[in-house]
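There are 2 protein chains.
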Amino acid sequence: MALCKGGRNVTILKVSARSKATAVAGAIAGVIRDVGHAEVQAIGAGAVNQAAKAVAIARSYLALDGIDVICIPAFADVIIADQQRTALKFVVEPR
Amino acid sequence: MALCKGGRNVTILKVSARSKATAVAGAIAGVIRDVGHAEVQAIGAGAVNQAAKAVAIARSYLALDGIDVICIPAFADVIIADQQRTALKFVVEPR
C-alpha cells in the first residue's frame with residue numbers, strides 16, 4: 001500500500017494484491033477522519049478484492065465513530081512505467 | 096450471473112469471475128430502476144473484481160437517467176454445498 005497526494009487535496013491509497021485489508025482499512029479510516037474523503041486505487045483482480053474488503057472493514061471502524069461511509073467505484077487511467085493501465089478506484093466519503 | 100430473491104424484497108445478483116461486467120451492469124441498472132435497490136454478491140477475487148467493475152459501469156448507465164447510485168461493500172456469510180463461505184456484497188442504492 002502506498003499513500004500519495006492526488007489533485008483537489010485528495011489522498012490516494014494505492015492497494016496491491018499483497019496489501020493487508022485490515023491495514024488498508026486503518027489507513028482509509030485515518031484519512032476519512034483527517035480530511036473526510038479518500039480514494040483507494042487498485043489494478044487487477046487481487047488488488048480490487050483487497051481494496052473492496054478494506055472499504056468494508058473501514059466502514060466498521062468508522063461506524064464506531066458514528067461516521068457512515070459509502071463508496072463510489074469508477075475507472076481511472078493511470079500511467080505505470082510509461083504504460084497506460086486502467087485502474088479501479090473507490091472514492092470513499094461520508095454518506 | 097444469477098438473480099435470486101433475498102429478504103426485504105431485495106434482488107441479489109450473484110456474480111462469478113466469468114460474469115461479463117457489462118451484462119451484470121445492465122442487470123444492476125434494471126433492478127435499480129425497478130425496485131430502487133440491488134445487492135451484488137461475489138465470492139473470490141475474480142468475482143469481486145467483476146462485481147466492482149459492474150457497479151462502476153452501472154453508475155454510468157444510471158447517470159443517463161439522472162440516477163446517482165452509491166455502493167456499500169459488506170461481508171456476508173453464505174452457505175454453498177453445505178459449506179460456509181464469506182462473500183463480499185455490494186449494496187447499490189441511490190445516493
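Top to bottom, those sequences are chains Y and H. Read in the working numbering, the first sequence has 93 at position 93, and its numbers run on one by one without any break. Read in the working numbering, the second sequence has 188 at position 93, and its numbers run on one by one without any break. A virtual CB, placed ideally from N, CA and C, is assigned to each residue, including glycine. Remember, predicted model here, so these are calculated numbers, not experimental data.
### Message
Distance check for Ile-67(Y) and Leu-157(H), CA to CA, integer angstroms please.
### Response
Rounded to the nearest angstrom, the two C-alpha atoms are 27 Å apart.
### Within-8 Å CB hit, Gly-46(Y) to chain H
It does; some Cβ of chain H falls within 8 Å.
### Message
Against chain Y, with Cβ distances strictly below 8 Å, would Val-150(H) count as a contact?
### Response
Taking 8 Å as the CB threshold, Val-150(H) lines the interface with chain Y.
### Task
Could you name the residues of chain H that Leu-88(Y) contacts, counting a contact when the two beta carbons are closer than 8 Å?
Those within 8 Å of Leu-88(Y) in chain H are Asn-144, Ala-147, Lys-148 and Ala-151.
### Other residues of its chain near Ala-21(Y): CB distance less than 7 Å, five sequence neighbours each side excluded
Contacts found: Gln-50, Lys-53, Ala-54 and Ile-57.
### Message
Quick check on Ala-74(Y) - is its C-beta less than 8 Å from some C-beta in chain H?
### Response
Chain H, which has a Cβ nearer than 8 Å to the Cβ of Ala-74(Y), makes this yes.
### Query
So Asp-172(H) is in the beta strand (DSSP E); what residue range does that whole segment cover?
Per DSSP, Asp-172(H) belongs to the beta strand (DSSP E) from 164-175.
### Query
Just checking my contact of Leu-143(H) with Ala-169(H) at CB under 8 Å: how many whole Å lie between their CB atoms?
Looking at the sequence itself, residue 143(H) is Val, so the reference to Leu does not match. Rounded, the Cβ-Cβ distance is 12 Å, inconsistent with contact.
### Query
Given 8 Å as the limit, is there contact between the stretch 170-180 of chain H and the stretch 70-86 of chain Y, that is, 3 or more CB pairs closer than that?
With a cut-off of 8 Å, the stretch 70-86 of chain Y and the stretch 170-180 of chain H do not count as touching, because too few Cβ pairs lie within range.
### Message
I'd like to confirm the pairing. Which residues does DSSP put opposite Arg-18(Y) in its beta bridges?
### Response
Arg-18(Y) pairs with nothing; no bridge assigned.
### Message
Tell me the DSSP secondary structure of Val-143(H) in three-state form.
### Response
Val-143(H): helix per DSSP, three-state reduction.
#### Entry: Helix, strand or coil at Val-135(H) according to DSSP, with G and I counted as helix
Strand at Val-135(H).
### Message
For Ala-45(Y) and Val-15(Y), which I take to be in contact (beta-carbon distance under 8 Å), what is that distance rounded to the nearest angstrom?
### Response
Between Ala-45(Y) and Val-15(Y) a beta carbon distance of about 12 Å is seen, past the 8 Å cut, so the two are scored as non-contacting.
### Query
For Ile-70(Y), which residues in chain H fall below 8 Å Cβ to Cβ?
Chain order gives the chain H residues near Ile-70(Y) as Ile-165, Cys-166, Ile-167 and Arg-190, where near means a beta carbon separation below 8 Å.
### Query
Which value, in whole angstroms, describes the spacing of the CA atoms of Val-105(H) and Ala-38(Y)?
Roughly 29 Å separates the two Cα atoms.
### Message
By DSSP's criteria, Ala-182(H) is part of a beta bridge. Which residues make up the other side?
### Response
Its beta-bridge partners are Ala-171(H).
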